[in-house]
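Working notes, structure below.
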Amino acid sequence: MIKENLAKIKSKLPDHVNLVAVSKTKPKEDILEAYHAGHRIFGENKVQELVEKHELLPQDIDWHMIGHLQRNKVKYIIPFVALIHGVDSLRLLKEIEKQSAKINRVQNILLQVHIADENTKFGLDEKELVEILNQLTEYPHVKVLGLMGMATFSDDQQKIASEFEYLHSLFLKYQPEYQLTTLSMGMSNDFEIAIQNGSNMIRVGSSIFGERNY
Ligand SMILES: *Cc1c(COP(=O)(O)O)cnc(C)c1O
1 MIKENLAKIK SKLPDHVNLV AVSKTKPKED ILEAYHAGHR IFGENKVQEL VEKHELLPQD
61 IDWHMIGHLQ RNKVKYIIPF VALIHGVDSL RLLKEIEKQS AKINRVQNIL LQVHIADENT
121 KFGLDEKELV EILNQLTEYP HVKVLGLMGM ATFSDDQQKI ASEFEYLHSL FLKYQPEYQL
181 TTLSMGMSND FEIAIQNGSN MIRVGSSIFG ERNY
């Protein structure tokens, strides 16, 4: 089923949209099924699970950290992680700089912007975003590829669309000056709306691997 689900989603995606297969809580067999179908980009939201899966699975997988990242855990993933999606504070960015400098690596990241109305979701507002963008030259081991956001969990498609539209407008505004390339937004329930509103990287879990049992 995983192979079929993956093919079905990929058939809907325009060429410029990258798919992160979100494999959190799923066993390595499931990841291998997607891998053998040719998929290489996987997303996890827990550091320990990400590290374990990276050790067990093929080395040519691009691992993305999509969840909230604690500063004290940054060091465990810096040696191998391809992209960190949820950078939502300067303190976290500084820790990524420090750990990446130690091993002489430049770490790709996305800055997470708060676009949902729930106060439970992490992310920067525009002012905080600009403050960080303005000092990036001080952090040569961190490369900001773009922005990431999560819409409100809702059935209201208009609301979701307007949140994605807002993030897209920020992306377009800061793209020229900071050479942003990546706009990560859209999950199983809302990736089509996200793509209509400018997303070029979607993070899809349950529509590929099935519902998660926590
Ligand atoms: C779990 C998760 C996803 C995928 O969610 P699905 O609804 O299963 O597609 C996407 N992004 C983040 C940040 C997640 O934590």
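For what it's worth, the numbering used here labels the leading residue of the sequence shown as 1, then goes sequentially.
Here a beta-carbon is modelled for each residue, glycine too, at the ideal position from N, C-alpha and C.
Taking the C-alpha atoms as reference points, what is the distance between residue i and residue j?
{"i": "residue 53", "j": "residue 23", "result": "10 Å"}
{"i": "residue 203", "j": "residue 15", "result": "16 Å"}
{"i": "residue 58", "j": "residue 38", "result": "12 Å"}
{"i": "residue 78", "j": "residue 61", "result": "15 Å"}
{"i": "residue 145", "j": "residue 134", "result": "14 Å"}
{"i": "residue 40", "j": "residue 199", "result": "19 Å"}
{"i": "residue 102", "j": "residue 212", "result": "36 Å"}
{"i": "residue 185", "j": "residue 201", "result": "6 Å"}
{"i": "residue 192", "j": "residue 208", "result": "15 Å"}
Give the range of the beta strand (DSSP E) segment to which residue i is assigned.
{"i": "residue 183", "result": "182 to 184"}
{"i": "residue 143", "result": "142 to 148"}
{"i": "residue 107", "result": "107 to 112"}
{"i": "residue 84", "result": "83 to 87"}
Could you tell me which residues DSSP puts in a beta bridge with residue i?
{"i": "residue 203", "result": "20"}
{"i": "residue 62", "result": "41"}
Kindly give me the distance between the Cβ atoms of residue i and residue j, rounded to whole angstroms, as I take these residues to be in contact under 8 Å.
{"i": "residue 112", "j": "residue 143", "result": "Between residue 143 and residue 112 the Cβ distance is about 16 Å, and since that is not below 8 Å, they are no contact."}
{"i": "residue 128", "j": "residue 152", "result": "At roughly 20 Å, the Cβ-Cβ gap does not stay under 8 Å, so residue 128 and residue 152 are not in contact."}
{"i": "residue 195", "j": "residue 17", "result": "6 Å"}
{"i": "residue 3", "j": "residue 33", "result": "6 Å"}
{"i": "residue 110", "j": "residue 93", "result": "With 8 Å as the limit, residue 110 and residue 93 do not qualify as a contact, their Cβ atoms being about 11 Å apart."}
{"i": "residue 64", "j": "residue 42", "result": "7 Å"}
Would you give the residue range spanned by the alpha helix (DSSP H) that residue i belongs to?
{"i": "residue 134", "result": "126 to 134"}
{"i": "residue 44", "result": "From DSSP, residue 44 is part of no alpha helix (DSSP H) but of the beta strand (DSSP E) over 41 to 44."}
{"i": "residue 154", "result": "Segment: none, residue 154 is in no alpha helix (DSSP H) and carries neither H nor E."}
{"i": "residue 91", "result": "90 to 102"}
Worksheet item: So, do the region 89 to 101 and the region 161 to 175 have three or more beta carbon pairs nearer to each other than 8 Å?
Response: no
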